[in-house]
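Top to bottom, those sequences are chains V and S. Per the working numbering, numbering through the first sequence is continuous, rising by one, with the last residue being 192. Per the working numbering, numbering through the second sequence is continuous, rising by one, with the last residue being 365. Only one structure is covered here, and it is reproduced in the block below.
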Amino acid sequence: MSELEDSVLMTRITSGDGAALAHLYDRYGRIAYGLAYRVLNDPSGAEEAVQDAFLQVWRKADSFNVDKGAGFQAWLLTIVHNRSIDQIRRRANRQGKETVLLDDGPYIGEPDPSIEVLAGLQRDDVRKAMQTLPDDQRLAIEMAYFQGLTHREISDCTGIPLGTIKSRLRLGLRKLSEQLATGSAEHLVIN
Amino acid sequence: MSDSKHNEMQEMLGAYALGALTAVESQEVSAYLVHDQQLQTDLAAMRIAVLALPLIVEEVEPPASLRASIMAAIEQEPRIAKIPAASTVPHLKLVPPPAEVNEPDETGSSYPKWLPWALAAAFLLFSLGMVGWNQLSDDNVTTPATIALQSTDPNLATGGEAEFLKDSGVLLVHFHDLPAVAQNEVYQVWLISGETVSSAGVFPAGTTDFAVAADPANYDLIAVSVEPGPVGVPVATNPPILTGDLSVA
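Dropping the structure here:
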């Protein structure tokens, strides 16, 4: 089973194959736990987030559409991120500040060719792309993504006007996506 | 769609992609995006960037116990299995009562030898009025029909109830007092329509709930047997311990 693609393993999971889920865990468990730990800085919380994520994969496997550009790793890590941020917000008891995270759900709909950009990305690619961002844009993105802060909370924390924070998030993500697309194209040329 | 509204929404797009808006703000952006193709395109690009962010973190070896915890947790989940298409299931011939059949038929096709027995038992149960039917309806709410599963062994105090959840298209089965099975055995659920017997999946002993994406209107009978684990068998090798008449659903 070691060489089976994610899509094959997901199909097996829809048939109740626990070994297939275990294999996906062996393949992605470290990055999933690493992400949760980065967000939560708490081993038990990270465990909980990762377990919840894999349970979600198990429950929703039959709706995962591999034919429409869906990437399993991206889906899994989105769930892990969401579960981690949920914990932060529960701990902070952020009443009345419920926010909406990137949809947990598998990518269903028209094929999106840009999803393939993700498939070829390595850690170094993304880190290099992040390094091209101005520090203030990178910091704002990291505060939002890894600390689960809203744009208002980032503004309050930093004392920077809300409009400026919005711009930094928007321009930072736009530049990051351009860098990643460029990097992906370079990989294709080199390979 | 005014330029000022477009610009306002555009400014919020980064925070929206990152989940850094409140629920109210996010709903406002979502509602606006439906009408603005340009912002939809911008958002799609930003979502790629957001999806790539986890890749910058260092991988960390999880505690060794986490894998086992996950596997134990999924064992507790109701099993939901898709029924294979009818064309993938061997077509069965009508056969005499099981006592008269000891050999495979001429074509070598496989069928559970208890099938006619199970059908007869289910018909008997129906005739005796032992099948439960509970359905209420009003203008707004329809409760699902409940089908009782009866033990085929009078000395075995086990049973179950099956409910079809129409909204989700799921047949949910609850079992009680299922007997223990050998370590290498599992319970296997079968859905029977005429001569066609389809495996609906397996579950381990100790499970009380099982779900399958199937409409009982398409089947005559549900049955449960004990079969070799961990994945069961394509054709039942043991007589059922539970049966339920789906034709009344």
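Even glycine gets a Cβ: it sits at the ideal position worked out from N, Cα and C. Nothing here was measured: the structure is a model prediction, and the numbers come from that model.
Beta carbons nearer than 9 Å to chain S: which residues of the region 145–167 of chain V have them? 145, 146, 147, 149, 150, 151, 152, 153, 154, 155, 164, 166 and 167
Assuming residue 307/S contacts residue 338/S (C-beta within less than 8 Å), just tell me the rounded distance between them. Counted from its first residue, the second sequence places residue 307/S at position 191. Counted from its first residue, the second sequence places residue 338/S at position 222. Between residue 338/S and residue 307/S the Cβ distance is about 6 Å, and since that is below 8 Å, they are a contact.
Where residue 140/S falls, given that 16 or more other Cβ within 10 Å makes a residue buried: Taking the second sequence and counting its residues from 1, one reaches residue 140/S at position 24. Residue 140/S should be labelled exposed.
N-terminal and C-terminal residue of the alpha helix (DSSP H) that residue 65/V is part of: In the first sequence, the residue the question calls residue 65/V occupies position 64. Residue 65/V -> no alpha helix (DSSP H), and no H or E assigned at all.
List, in order along the chain, the chain V residues whose C-beta lies closer than 7 Å to that of residue 176/S? Sequence index remark: in the second sequence, residue 176/S carries index 60 (1-based). Near residue 176/S (Cβ distances below 7 Å), the residues of chain V are 31, 34, 35 and 38.
Is it buried or exposed for residue 74/V, if we count other Cβ within 10 angstroms and need 16 for buried? Working through the first sequence from its first residue, we reach residue 74/V at position 73. Flag for residue 74/V reads buried.
Is residue 300/S buried or exposed, if buried means 16 or more other CB atoms sit within 10 Å of its CB? Looking up residue 300/S in the second sequence gives position 184. Result: exposed.
So which residues of chain V does residue 150/S contact, with C-beta pairs closer than 9 Å? Locating residue 150/S in the second sequence gives position 34, where the first residue counts as 1. What residue 150/S touches in chain V: nothing, since even the nearest Cβ is about 14 Å away.
Taking only the alpha-carbon atoms, compute the straight-line gap between residue 288/S and residue 79/V and give it to the nearest angstrom. Here residue 288/S is taken as the residue at index 172 of the second sequence, counted from 1. Here residue 79/V is taken as the residue at index 78 of the first sequence, counted from 1. Near 30 Å, if we compare the C-alpha coordinates of residue 79/V and residue 288/S.
Taking the alpha-carbon positions, what's the residue 283/S to residue 333/S distance? One-based indexing of the second sequence puts residue 283/S at position 167. One-based indexing of the second sequence puts residue 333/S at position 217. So the alpha carbons of these two residues sit roughly 14 Å apart.
Supposed close pair residue 201/V, residue 165/S - CB separation, criterion 8 Å: With chain V covering 2 to 192 only, the question about residue 201/V has no answer from this structure.
Quick one: which chain S residues come within Cβ less than 8 Å of residue 44/V? On the first sequence, position 43 is the one that residue 44/V refers to. Per Cβ cutoff of 8 Å: 179.
Given this structure, state the Cα-to-Cα distance separating residue 130/V from residue 165/V, to the nearest angstrom. Residue 130/V sits at position 129 when you count from the first residue of the first sequence. Residue 165/V sits at position 164 when you count from the first residue of the first sequence. Going from the Cα of residue 130/V to the Cα of residue 165/V covers about 22 Å.
Would you call the CB atoms of residue 138/V and residue 169/V closer than 7 Å? As a first step, residue 138/V is located in the first sequence; it is residue number 137 there, counting from the start. As a first step, residue 169/V is located in the first sequence; it is residue number 168 there, counting from the start. Against a cut-off of 7 Å, the Cβ pair of residue 169/V and residue 138/V comes out as a contact.
Less than 7 Å separating the beta-carbons of residue 305/S and residue 316/S? The residue you call residue 305/S lines up with position 189 of the second sequence. The residue you call residue 316/S lines up with position 200 of the second sequence. The answer is yes: Cβ separation under 7 Å.
Using a Cβ-Cβ cutoff of 9 Å, what residues of the region 121–134 of chain S are near chain V? List them in chain order. 126, 127, 128, 129, 130, 131, 132, 133 and 134
If we count the other Cβ atoms within 10 Å of its Cβ and call it buried at 16 or more, is residue 160/V buried or exposed? As a position in the first sequence, residue 160/V is number 159, starting the count at 1. Under this definition residue 160/V is an exposed residue.
Within 7 Å of any Cβ in chain V, is that where the Cβ of residue 317/S sits? Reading the second sequence from its first residue, position 201 is the one you call residue 317/S. Yes, contact with chain V.
In this structure, does DSSP put residue 303/S in helix, strand or coil? Residue mapping note: residue 303/S aligns to position 187 of the second sequence, counting from 1. Residue 303/S: strand per DSSP, three-state reduction.
Would you check if the distance between the CB atom of residue 362/S and the CB atom of residue 336/S is smaller than 7 Å? Residue mapping note: residue 362/S aligns to position 246 of the second sequence, counting from 1. Residue mapping note: residue 336/S aligns to position 220 of the second sequence, counting from 1. Contact flag set, yes.
Verify the CB distance criterion: does residue 106/V have a CB-CB separation below 7 Å to chain S? Looking up residue 106/V in the first sequence gives position 105. Reliability fails at residue 106/V, whose pLDDT of 49 lies under 50, so the model's placement of it is uncertain and no value is given.
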